[in-house]
Each structure stands twice: as C-alpha cells, then as structure tokens.
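Residue numbers (our numbering): 51 to 388.
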Amino acid sequence: MSECKAAVSEGQHVRLSASSYKPWHRTRSCQPHDASLQSHRAWCARNRDENQWLQWDLGPPHRVTGVVTRGRGDTGRKHWVKAYTLTYSNDTRLWFTYKDGNHLDTKVFGGNLDKHTERRHYLNSPFTARYIRLHPRRWRRSIALRAALIGCPHKGNCGPGFFRVTQDSSCVENLAYEGRTWVNDKRHARSSWDYGPSRLAVDGNTDTTLRSCAVVNNQEVDEPLWMVDLGKRKEVRGLVVFTWQGRGQDERTLYRDYVFGLDRLTVYVERERRLERLTDQHRVCGSVTRLNNALFRERMHVECPQPITGRFVYIKAGGVANRWHRVFSLVLCEVMVY
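Right under this line is the structure:
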C-alpha cells in the first residue's frame with residue numbers, strides 16, 4: 051500500500067460540508083472549504099459539542115489510508131482539535147464507524163498539540179468510501195481545524211454518478227446522471243407513453259436490453275432530438291453512449307429494422323433548452339456515422355475537439371436518405387457526459 055499515500059481530499063470533485071460553522075464575516079474564515087490542510091484559515095464549528103463533524107464528499111469512491119490534521123491558521127487564537135473519530139459511507143444513509151485493531155472499539159485518533167504542526171495517522175485497516183466524516187471529541191477552547199485525507203483512487207466500480215471514459219482511466223463525474231430529459235417527439239409527453247421514455251438514458255443503468263433504453267424515431271418529426279439538462283452551464287469534453295443493436299432477447303422486434311435505418315448521430319452542447327432545430331456548427335461536439343459500422347457499436351465515445359461550455363446536451367439522429375423504409379430509430383440505453 052506504499053503507493054496509496056497521496057492527498058485525495060483536494061481534487062476538483064471534492065465537496066466539503068459541516069454540521070455547523072461560524073459566520074466569520076470580517077475575515078471570511080471558518081467555512082467548511084477553509085478546512086483544506088494548506089489553508090491559512092480553518093473550519094470552525096458554531097457549537098462546542100460532540101455532535102459536530104466535517105464531511106468530505108470525494109466524488110468517486112477512494113481508498114483511504116490515512117488522515118492529517120492541523121489547528122486554526124488565522125487570528126491569534128489558539129484553537130485546535132485534541133482528539134477525533136472517523137465515520138464513512140457510500141450513500142450518506144448507512145454510516146460505519148472506523149474501528150482499529152480488534153474491530154470492536156471505536157478508534158479515537160490523537161489530535162494536535164498546537165495550531166501549526168501537522169499530526170498524521172496511517173490506518174491499520176484502510177477502507178473504501180465516498181463520504182468521510184471527522185468528528186471532534188476533544189478540543190482546545192473551540193472546535194477548529196484543517197485536515198486532509200490520504201489514499202488513492204478506488205480501482206473497482208466508480209459508483210453512482212461516475213464512470214470511466216476508457217477502461218484504464220480514472221473515474222470522472224457523469225454530468226448527465228439523473229438529469230432532466232426532453233425529446234421533440236410530442237408522443238413522449240403523453241401520460242400513456244411508457245415504452246422507451248427519455249429518462250431511461252440517464253438512470254445510471256448500462257443494461258443494453260431494449261426495455262432499459264430510451265427510444266426516439268422520426269415517425270412524427272423529421273429530425274428526432276434527445277436532450278438532457280446538466281443543471282447549470284458546464285464545460286463538456288465529450289460523452290459515452292451505450293446503445294441497443296437488436297441482439298439477444300429483443301432481436302425480433304420491429305425496432306431492429308428501424309435501427310439499421312439510422313445514418314448518423316450528432317452531439318450538440320447548447321445554452322438553450324428544448325430547441326427544435328440545431329444549426330450552430332460551433333456547438334457541435336462530434337458525430338458518429340455508419341462508416342466502419344461505428345454507429346452500430348454497443349458503446350460509442352464522442353470526444354469534443356475542444357471543451358464546449360453549455361447546459362443542454364442534445365443528440366440529433368439522421369436517417370439513410372435513399373432507404374426504401376424511411377422510418378429510423380435512435381435507441382439510447384445510457385448517455386454519460388464528462
């Protein structure tokens with residue numbers, strides 16, 4: 051485990067929160083994000099009791115092998131945590147208390163003796179988790195600290211809302227996960243429409259059987275569009291699409307013929323929602339065509355030539371121009387945006 055000793059609580063996906071914090075208006079200190087180990091400030095709990103905690107959301111799960119703490123860095127006040135415990139979770143509902151040695155007693159970690167010196171602990175029993183909480187148990191005058199977690203990325207499943215762009219890459223956030231979706235086919239808005247609803251493409255399920263996929267076609271629109279709302283404007287670098295190709299238990303359905311009428315799909319990153327027409331070539335992330343059967347692979351990767359900032363990601367489908375059967379379908383089993 052010697053290679054698993056990097057700081058894992060400082061990345062761009064890490065989110066800090068706390069049970070409480072002081073409204074330190076004059077110096078803008080004491081917020082949860084001030085708890086970074088290299089900060090000149092600190093997180094300061096509003097209340098002085100054992101119900102306080104500082105939480106890290108590491109994004110994708112990480113292997114945690116150690117923890118480092120320091121006292122408060124700003125002001126002349128001598129505030130630091132003398133002892134603390136750790137809990138961890140992957141969903142914030144079920145929490146586990148870190149126990150050392152015989153795994154029966156809660157491990158109480160020794161804290162700091164002054165406000166500047168780092169106190170470092172390596173865990174005898176490393177754990178893998180997304181959420182980690184540090185619970186102060188004893189402190190000097192007030193609860194205040196800076197801290198960092200030591201470890202390395204988890205090499206297994208990335209967990210909900212994260213994925214690997216390639217097999218060997220690190221986990222990244224899926225910006226489209228459980229986002230609000232829309233299609234320009236009005237049939238999807240009907241309460242009776244329950245086959246292939248657009249939301250199935252962002253539910254986190256990469257199952258490529260037809261019942262798990264969103265389906266859009268050109269029976270009532272010339273250019274079928276599927277859209278996902280990322281929640282706010284974000285920098286989009288690309289996406290991975292899982293599709294159904296008419297194999298397995300679904301191979302006899304008419305949708306299999308319709309899929310082979312598909313000629314290309316084009317990805318746009320836009321700033322406006324529910325656009326009926328997409329024409330701005332500067333907003334195109336990329337396309338996948340029938341060339342070398344790229345369009346008929348179960349997993350497709352579209353990488354933008356350069357990052358595009360936008361809130362709404364669209365996938366536009368186009369059919370084969372001279373095919374005798376002009377109906378075509380786009381089947382999206384899962385769309386992952388990064």
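Every residue gets a Cβ at the ideal spot worked out from N, C-alpha and C, and that includes glycine.
Residues near F21 in its chain [Cβ-Cβ closer than 6 Å; skip 5 each side] = Residue 21 lies beyond the stretch modelled for the chain, which goes from 51 to 388, so this question has no answer here.
Tell me whether K157 sits in a helix, a strand or coil according to DSSP, three-state version.
-> In this structure, DSSP gives K157 a state outside helix and strand, which the three-state scheme calls coil.
How many whole angstroms separate the CB atoms of R191 and H129, which I take to be in contact at a CB cut-off of 8 Å?
-> About 6 Å; that satisfies the 8 Å criterion.
May I ask which residues mark the beginning and end of the beta strand (DSSP E) holding R287?
-> From DSSP, the beta strand (DSSP E) with R287 extends over 275 to 293.
Are the Cβ atoms of G211 and H112 separated by less than 7 Å?
-> Cβ atoms of G211 and H112: not closer than 7 Å.
Ignore the nearest five residues each way along the sequence and tell me which others in Q299's own chain have a CB closer than 6 Å to its CB.
-> For Q299, the predicted structure reports a pLDDT of 49, less than 50, and the residue's modelled location is therefore unreliable. The matter cannot be settled from this model.
Please name the residue or residues paired with E25 in a DSSP beta bridge.
-> Only positions 51 to 388 of the chain appear in the structure, and residue 25 is not among them; the question remains open.
State buried or exposed for R361, treating a residue as buried only when at least 16 other CB atoms are found within 10 Å of its CB.
-> Residue burial annotation: R361 is buried, with at least 16 other C-beta atoms found within 10 angstroms of its C-beta.
To the nearest whole angstrom, what separates the beta carbons of V286 and I182, a pair I think is in contact under 8 Å?
-> Contact flag wrong, Cβ pair sits at about 29 Å.
Span of the beta strand (DSSP E), counted from its first residue to its last, around C360 = For the sequence presented, residue 360 should be read as Gly rather than Cys. For G360, the uninterrupted beta strand (DSSP E) segment begins and ends at 349 to 369.
Where does L250 sit, in a helix, a strand or coil, going by DSSP?
-> Reduced to three states, the DSSP call for L250 is helix.
Looking only at C-alpha atoms, which of N255, L312, S262, L289 sits nearest to P274?
-> For P274, the closest C-alpha among the options N255, L312, S262, L289 is that of L312.
With DSSP as the reference, label Q299 as helix, strand or coil.
-> With a pLDDT of 49 at Q299, under the threshold of 50, the modelled position of that residue is not reliable, and no figure is offered here.
Answer yes or no: do R340 and E320 have a C-beta to C-beta separation smaller than 7 Å?
-> Not in contact: R340 and E320 (Cβ atoms no closer than 7 Å).
Reduced DSSP secondary structure (H/G/I, E/B, other) of H83 = H83: helix per DSSP, three-state reduction.
Residue interval of the beta strand (DSSP E) (run including R174) | The question names Arg, but residue 174 in the sequence shown is Asn. Segment 169 to 190, the beta strand (DSSP E) holding N174.
Can you tell me the Cβ-Cβ gap for L380 and L315, rounded? I've got them flagged as a contact below 8 Å.
-> Contact between L380 and L315 is confirmed by a C-beta separation of about 6 Å, below the 8 Å threshold.
CB-CB under 7 Å to C208, same chain, minus the five flanking residues each way: which ones, in chain order?
-> Closer than 7 Å at the Cβ level, and outside the excluded window around C208, lie P110, R214, C221.
Thinking just about the alpha-carbon of each residue, which of D84, P82, V309, S69 is nearest to the one in N97?
-> When only C-alpha atoms are compared, the closest one is S69.
Between L225 and the rest of its own chain, which residues show a CB-CB distance below 6 Å, the 5 nearest in sequence each way excluded?
-> These residues qualify, in order along the chain: L280, K284, V387.
Residue from W93, M350, V377, F310 with nearest C-alpha to R78 = Checking every option, the nearest Cα to that of R78 belongs to W93.
Measure from the C-beta of F362 to each C-beta in chain E and report whether the shortest distance is under 7 Å.
-> No chain E appears in the structure shown, which is made up of a single protein chain.
Straight-line CA distance for T258 to F177?
-> Roughly 32 Å between the two C-alpha positions.
Rounded C-alpha distance that separates G369 from R65 | A direct Cα-to-Cα measurement between G369 and R65 gives close to 43 Å.
When DSSP labels each residue in this structure, what does V309 get in the three-state scheme?
-> If DSSP states are grouped into helix, strand and coil, V309 belongs with the helices.
Along the chain, where does the beta strand (DSSP E) that runs through F213 open and close?
-> Where F213 is concerned, the enclosing beta strand (DSSP E) stretches over 212 to 214.
To the nearest angstrom, report how far apart R122 and R230 are at their CA atoms.
-> Rounded to the nearest angstrom, the two C-alpha atoms are 42 Å apart.
What are the residues that DSSP puts in a beta bridge with N343?
-> According to DSSP, which records beta bridges pairwise, N343 is partnered with nothing at all.
A133: first and last residue of the uninterrupted beta strand (DSSP E) it sits in = Looking at the DSSP string, the run of the beta strand (DSSP E) that includes A133 is 130 to 139.
Taking R323 as the reference, which of N343, R349, W276 has the closest Cα?
-> Ranking N343, R349, W276 by Cα distance to R323 puts W276 first.
Rounded to whole angstroms, what's the CA-CA distance from E228 to H351? Just pull it up for me.
-> Near 20 Å, if we compare the C-alpha coordinates of H351 and E228.
What is the DSSP secondary structure of R65, reduced to helix, strand or coil?
-> Per DSSP, reduced to three states, the secondary structure at R65 is strand.
Whole-number beta carbon distance between G246 and V265, since they are thought to touch under 8 Å = The Cβ separation is near 3 Å, so the contact holds.
Along the chain, where does the beta strand (DSSP E) that runs through Q105 open and close?
-> Here the beta strand (DSSP E) through Q105 covers 104 to 120.
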